[in-house]
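Numbering (the working numbering), first residue to last: 6 to 100.
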């Protein structure tokens, strides 16, 4: 999975993070290297949809927080992926 919006939401589900911390977390748990442009474009989309919110800057870093709406969206998206993953694994088992 390499959808930046879902990766960012999954990262923020653990707690507030600034951009660089999101990048390193996503690389750690998903093995995906997001570029800065991709990250901040996705952050903008997520903020506009109300899924995350920017917090006051700490030094020069701006942390982001998952909103309740974002948490619900992440749960819904992961639940929708579960049957696809299950079928994929089953079909791989039989091939």
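Cβ atoms here follow ideal geometry from the backbone N, Cα and C, with glycine treated the same way.
These numbers come from a predicted model, not from an experiment.
By DSSP's criteria, residue i is part of a beta bridge. Which residues make up the other side?
i	result
residue 38	None, per the DSSP bridge assignment.
residue 32	Answer by DSSP bridge pairing: none, since residue 32 is not bridged.
residue 70	58
Report buried or exposed for residue i, applying the criterion of at least 16 other Cβ atoms within 10 angstroms of its Cβ.
i	result
residue 80	exposed
residue 97	exposed
residue 39	buried
residue 16	buried
residue 45	exposed
residue 22	buried
Over what stretch of residues does the alpha helix (DSSP H) that includes residue i continue unbroken?
i	result
residue 120	Past the edges of the chain, shown from 6 to 100, lies residue 120, and the structure says nothing about it.
residue 15	9-17
In three-state terms, what does DSSP make of residue i?
i	result
residue 62	coil
residue 54	coil
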